[in-house]
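First residue of the sequence shown: 3, per this note's numbering; consecutive thereafter.
Ideal Cβ placement from N, Cα and C applies to all residues, glycine included.
Bear in mind that the values here come from a model prediction, so they are computed numbers and not experimental data.
Worksheet for the structure shown next.
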Amino acid sequence: MARLYHVPLSPFCRKVRLCLAEKRIECELVEERYWERDPDFLRRNPAGKVPVLRMDGRDLSESAAICEYIEERHPTPPLMPRGAEARFEVRRLVGWFDDTFHHQVTAKLLYERVNKKLMKQGFPDSRNVKDGARAIKFHLDYMALLLDHRRWLAGDVMTLADFAAAAHLSVLDYISDVDWHRSEAVKDWYAKIKSRPAFRGLLADQVPGFPPPAHYADLDF
Numbered sequence: 003m004a005r006l007y008h009v010p011l012s013p014f015c016r017k018v019r020l021c022l023a024e025k026r027i028e029c030e031l032v033e034e035r036y037w038e039r040d041p042d043f044l045r046r047n048p049a050g051k052v053p054v055l056r057m058d059g060r061d062l063s064e065s066a067a068i069c070e071y072i073e074e075r076h077p078t079p080p081l082m083p084r085g086a087e088a089r090f091e092v093r094r095l096v097g098w099f100d101d102t103f104h105h106q107v108t109a110k111l112l113y114e115r116v117n118k119k120l121m122k123q124g125f126p127d128s129r130n131v132k133d134g135a136r137a138i139k140f141h142l143d144y145m146a147l148l149l150d151h152r153r154w155l156a157g158d159v160m161t162l163a164d165f166a167a168a169a170h171l172s173v174l175d176y177i178s179d180v181d182w183h184r185s186e187a188v189k190d191w192y193a194k195i196k197s198r199p200a201f202r203g204l205l206a207d208q209v210p211g212f213p214p215p216a217h218y219a220d221l222d223f
């Protein structure tokens, strides 16, 4: 069985979990307090980051590479389209959420509100929180623009791009930092992806000291 070293509210870990669950790959979840720099974990990934997936007798790191490895080893159901242009768009959006969205929003909201406390690194920086709250509006509007012309973020079928976006929004939703009234298109998109069986594990997550809002696991939010 595969084994995933993860943190429940890491969007990068959640993206991998969604891929594994969508493809019905059994996986043992092992919570890893990566900031404690455990020597055994550092042997698995010298970068000291999660996720790390133990699969096929090897330790795999970097979430985007992990997801594409899973896709190549288990191509059904597909999370990448066939054409070069369509694949480019998926990879572009995965990069958008894991890089731009992450630095402008997730790192300034989730990391300030939750990770600092878990890692005992002090109190949230109010300026970062304000910057993140302002930036998420731009990103929600960008998603709405994409969904005005597409059924899913990268095109007419659900792809890894949707899982990348949903992974980030789900952790922000856990701390009530998403204004779902800003765009009906984005809200409907999230409701579709949230209702998939692959999402159930994420909705069951509980982080001690940080209870989720009542709507978090509600499929009719």
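Handout entry: Exposed unless 16 or more other CB atoms sit within 10 angstroms - verdict on Leu148
Key = A residue is called buried once 16 or more other Cβ atoms fall within 10 Å of its Cβ, and Leu148 is buried on that count.
Handout entry: Beta bridge counterpart(s) of Ala4 as assigned by DSSP
Key = BP columns for Ala4 point to Cys29.
Exercise for the section: Specify whether the segment 106-124 and the segment 152-165 touch according to this definition: at least 3 beta carbon pairs, one from each stretch, less than 8 Å apart. Expected result: Output reads no: the segment 152-165 does not touch the segment 106-124.
Handout entry: Bridge partners - Arg60, DSSP secondary structure assignment
Key = Arg60 is bridged by DSSP to Met57.
Exercise for the section: Can you check DSSP and say which residues form a bridge with Gly157? Expected result: Beta-bridge pairing links Gly157 to Trp154.
Problem - Closest by C-alpha distance to Gln208, when choosing among Trp98, Ala146, Pro10, Ile68 - result: Among Trp98, Ala146, Pro10, Ile68, the Cα nearest to that of Gln208 belongs to Pro10.
Handout entry: Beta-carbon spacing of Lys25, His76 below 8 Å
Key = Cβ atoms of Lys25 and His76: closer than 8 Å.
Problem - Complete runs of the alpha helix (DSSP H) confined to the segment 86-157 [at least 4 residues] - result: Scanning the segment 86-157 for uninterrupted alpha helix (DSSP H) segments of 4 residues or longer gives 86-97, 109-112, 128-149, listed from N- to C-terminal end.
Practice task
Note down the Cα distance separating Ala219 from Asp179, rounded to an integer number of angstroms.
Solution key: Cα to Cα, Ala219 sits roughly 15 Å from Asp179.
Practice task
Would you mind stating whether Ala67 and Cys29 have Cβ atoms separated by less than 8 Å?
Solution key: No.
Problem - Rounded C-alpha distance that separates Pro79 from His104 - result: Taking the straight line from one Cα to the other gives about 27 Å.
Problem - Start-to-end residues for the alpha helix (DSSP H) that takes in His170 - result: First-last of the alpha helix (DSSP H) with His170: 162-176.
Exercise for the section: Within 10 angstroms of the Cβ of Gly134, are there 16 or more other Cβ atoms? Answer buried if so, exposed if not. Expected result: Its Cβ being crowded by 16 or more others within 10 Å, Gly134 is buried.
Exercise for the section: Name, in chain order, the residues that DSSP records as bridge partners for Phe275. Expected result: In the structure as shown, the chain starts at 3 and stops at 223, and residue 275 therefore has no counterpart that could be examined.
Practice task
Check whether the Cβ atoms of Val18 and Leu55 lie closer than 8 Å to each other.
Solution key: Pairing Val18 with Leu55 gives a Cβ-Cβ distance under 8 Å.
Problem - Residue of Ala163, Arg136, Phe99, Tyr144 minimising C-alpha distance to Val188 - result: In terms of Cα proximity to Val188, the closest of Ala163, Arg136, Phe99, Tyr144 is Tyr144.
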